[in-house]
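Residue numbering for the sequence shown follows the numbering used here, beginning at 24 and increasing consecutively.
One structure is given below, encoded as structure tokens.
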Amino acid sequence: MQILIVEDDRGITSFLEKGLRAEGYATEVASTPPEARAALDGAERADLVLLDLGLPGGDGVDVLRWMRSHGHTLPVIILTARSEVAHKVEGLNAGANDYVTKPFSFDELLARVRAVLRTAEQPSSSEIVVGDLRLDLLTKVAWRAGQRIELAPREWALLELFMRHPHQVLSRAQILSSVWDYSFETGSNVVDVYVGYLRRKLNTPGLEPLLVTVRGAGYRFVDDARGRAASG
Ligand code: CA
């Protein structure tokens with residue numbers, strides 16, 4: 024694991040390098056925005072960035088915006104003396120994963136580094152796969168048997184709910200409360216309408232239907248013939 028430290032204060036840099044190396048991380052240091060950009064585009068691929076905001080000749084938030092607009096998706100923890108809420112919000116909006124205010128304890132920083140790396144490593148956080156259907160949670164695109172399927176936001180939310188509960192019967196009330204955030208309204212057929220939209224998009228000719236109606240109970244997402252037969 025390689026950590027890029029973007030910081031101009033030599034005292035803090037050496038404190039971080041010493042501590043992180045003792046914990047088994049490799050470190051690289053950049054002390055200005057151009058050095059940071061060069062390090063990120065360089066051969067050594069960092070797994071995480073610790074980013075100071077007040078840098079000579081530029082602002083760390085601009086480095087972060089540059090990263091996010093140039094496809095650098097690695098996690099970033101902002102390190103700064105600015106404790107004002109507005110700065111935290113600006114940093115998080117620009118794509119930071121976490122925020123640590125100076126002065127900080129090394130133990131707290133280390134715990135945050137580990138937490139952020141743990142989240143970034145989970146493959147399940149970026150996609151859900153059930154049968155021949157795959158949801159890419161980062162790009163919000165669904166794929167079935169290699170075919171790309173474009174979904175509207177509600178259709179996406181509905182499909183994600185079904186895929187997170189495969190083979191489970193979901194009642195209309197459960198679906199309404201999780202996808203539409205409504206409490207149950209009798210007479211609303213919005214769930215049936217959207218299940219219809221999803222079926223039309225998912226059921227390409229030659230492929231098995233995935234969303235089955237369970238009479239009097241709701242709907243079930245199935246990815247095998249046995250599940251379809253059992254639902255009737
Ligand atoms: Ca600084």
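Glycine included, C-beta positions come from ideal geometry on N, C-alpha and C.
Predicted, not measured: the structure shown is a model, and the values here were computed from it.
Extent of the continuous beta strand (DSSP E) run through residue i
i: R243; result: G241 to F244
i: D75; result: L71 to D75
i: T96; result: Run containing T96: none; DSSP gives neither H nor E here.
i: L234; result: L234 to V237
Which listed residue (the options) has its alpha carbon closest to that of residue i
i: G80; options: A69, R91 and P56; result: P56
i: G154; options: L76, T50 and F185; result: F185
i: V52; options: A45, A62, P98 and K111; result: A62
i: I172; options: L158, A180 and Y242; result: L158
i: G94; options: V86, G241 and R137; result: V86
i: E46; options: W203, V237, R137 and L156; result: R137
i: L233; options: L182, K125 and L73; result: L182
i: D246; options: V202, V218, Q25 and H190; result: H190
i: E58; options: S92, V213, D82 and Y48; result: D82
i: V89; options: R60, L102, E107 and A104; result: Before going further, note that residue 89 is Trp rather than Val in the sequence given. It is R60.
i: E178; options: I35, A196, V202 and I26; result: V202
i: G241; options: G229, E231 and V218; result: V218
i: V29; options: R141, E113 and T103; result: T103
i: P176; options: K125, E40 and L160; result: L160
i: Y239; options: S211, S194, S92 and D64; result: At residue 239 the sequence reads Gly, which differs from the Tyr that was named. Taking only the C-alpha atoms, the option nearest G239 is S194.
i: P126; options: S106, R141, A143 and R135; result: S106
i: G34; options: K111, V235, S54 and R135; result: S54
i: S92; options: D64, F244 and F38; result: D64
i: Y122; options: L230, Q197 and V99; result: V99
i: S149; options: L39, T96 and H110; result: T96
i: G42; options: T142, A180, V152 and A134; result: A134
i: D75; options: R68, I101 and E67; result: I101
i: A69; options: L78, L39 and Y48; result: Y48
i: R187; options: L174, V214, N212 and L156; result: L156
i: L78; options: A109, E67, A66 and D31; result: D31
DSSP state of residue i mapped onto helix, strand, coil
i: D64; result: helix
i: Q25; result: strand
i: K41; result: helix
i: G219; result: helix
i: L199; result: helix
i: P225; result: For the record, residue 225 in the displayed sequence is Leu; it is not Pro. Looking at L225 - three-state DSSP - the assignment turns out to be helix.
i: T55; result: coil
i: D31; result: coil
Residue range of the alpha helix (DSSP H) that includes residue i
i: L87; result: G83 to S92
Any non-hydrogen atom of ligand 2 closer than 7 Å to residue i Cβ
i: D70; result: You won't find ligand 2 in this model; what it holds is ligand 1.
Q: Taking only runs that begin and end inside the segment 104-188, name each unbroken beta strand (DSSP E) of 3 or more residues, in chain order.
A: 121-124, 150-153, 156-159, 164-167 and 170-172
Q) Three or more C-beta pairs closer than 8 Å, one from the segment 219-237 and one from the segment 153-171: is that the case here? A) Under the Cβ criterion (8 Å, minimum of three pairs), the segment 219-237 counts as touching the segment 153-171.
(Q) Within 8 Å, do at least three Cβ pairs link the segment 129-141 to the segment 107-118? (A) no
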